[in-house]
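>
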Amino acid sequence: MPIEIRQFPCLSDNYGYLIRDVSTGAVAAIDTPDAERINQELAAAGWRLTHILNTHWHPDHAGGNLALKEKWGCRIFGPEGEAAKIPGLDTPVGDGDVVMLGKSRGQVIETPGHTLGHIIYHFADDKAAFVGDTIFALGCGRLFEGTPTQMWSSLSRIAAMAPDTKLYCAHEYTQANARFAVTADPHNEALLKRAKEIDAARARGEATVPTNVALELATNPFLRAKDAGVQAAMGLVGADPVAVFAEVRKRKDNF
Ligand code: ZN
Ligand code: FE
C-alpha cells in the first residue's frame, strides 16, 4: 500500500517528515524536531497523528514527543537500545521488527554509529527509507557514540538496499558535505557535477533531500571506502575499508 510523504524544514537545518498510509489514513511523524511546526503541517494537510517513529534520542529528533503525544494520544515507537532516553516511548523496537502504519510496513534496521541505539525505518514497498542521522546526502552522521566498524557496517546495510530507494535524511547538510566530499574523492566526475548542481539548487532555495542509494554509491565518499580514488586521497591505497572510512570521517571532523 502506498504512503504519502510530506517534508518540511524544522529548527535550523532539520527536516520533519509526516507519512500517511493512504489506505487507512494512519499518519506517522518521523522524529519530532519541533512539535509546533509538526502541528502546523498536520493542520495544513488535514491529517491526524497516530504514530511517532523515532530514530534516536537526540533532542532535535525526540524533543517534540511529549507535546505531540499529549495532543494526539499517538503511539511512540523508538530504538530499544535507547528506550530510557526516548520521552514517552510506548513500543521499543529493534533489528528485524516491523512497524505497521495502517497497512504499510516499516522494517526496523539497527544502524549504530551516530548513537549506539540508532535505528532507521525502511518502507521497502514504497522504496523509501527514513535514515535519521545515519547517512546524509554526501555525508554521514558524526560518530558520537559508535565506532568506525559499527558505522561502516550500518552504512553498508543502506548501500545494499534497492538502488532506487529514496533516502530521507534528517538534515540539510548537503552543500557543506559537498565541499568536503570533493577533497576526499577529487577525480570523481559524477561528484564534481553533483556538487555544482547542489550549489545551484541551494541558490534557488531548494531542498537537496531526499537523495537515493544509487546517487550516494556513486558520489558519497563515506560509502566509497573501497574506491581507488578515495583510497588514494586518504593515502591508504589497498587498505581495509573500515580504516579508509575512519580516515574519511576523521578528516571531515577536522575539515
Ligand atoms: Zn543526532
Ligand atoms: Fe540530528
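In our numbering, the protein residues as written are 1498 to 1752.
Each residue gets a CB set at the ideal place from its N, CA and C atoms; glycine is no exception.
As the structure is a computational prediction, the values presented were derived from the model and not from experiment.
(1) What would DSSP say about residue 1716, mapped onto helix, strand or coil?
(2) For residue 1576, name the three-state secondary structure that DSSP assigns.
(3) With a 10 Å radius around its C-beta and 16 neighbouring C-beta atoms as the bar for buried, classify residue 1686 as buried or exposed.
(4) My assumption, with CB atoms under 8 Å, is that residue 1573 sits in contact with residue 1587. Please give the rounded CB distance.
(5) How is the beta strand (DSSP E) around residue 1629 delimited, first residue to last?
(6) Check whether the Cβ of residue 1587 lies closer than 7 Å to any heavy atom of the ligand ZN, and answer yes or no.
(7) If you drop the 5 nearest sequence neighbours on each side, which residues of the same chain put their C-beta closer than 6 Å to that of residue 1725?
(8) Which one of 1679, 1632 and 1593 has the shortest CA to CA distance from residue 1621?
(9) I'd like the span of the alpha helix (DSSP H) that includes residue 1600, first residue to last.
(10) Bridge partners for residue 1620 per DSSP, in chain order?
(11) Verify the contact flag: residue 1615, CB atom, against every heavy atom of the ligand FE, threshold strictly below 7 Å.
(12) Please identify the residue among 1666, 1704, 1746 and 1643 whose C-alpha is closest to the C-alpha of residue 1678.
(13) Give the single residue among 1690, 1603 and 1681 whose Cα lies nearest to the Cα of residue 1518.
(14) The alpha helix (DSSP H) with residue 1725 in it runs from where to where?
(15) Comparing alpha-carbon positions, which option in 1616, 1503 and 1555 lies nearest residue 1651?
(16) I need the DSSP call for residue 1633, collapsed to helix, strand or coil.
So, from the data block:
(1) helix
(2) strand
(3) exposed
(4) 5 Å
(5) 1625-1629
(6) no
(7) none
(8) 1593
(9) Taken as a continuous stretch (DSSP letters only), residue 1600 belongs to no alpha helix (DSSP H), as it is neither H nor E.
(10) 1625
(11) no
(12) 1746
(13) 1603
(14) 1725-1731
(15) 1616
(16) strand
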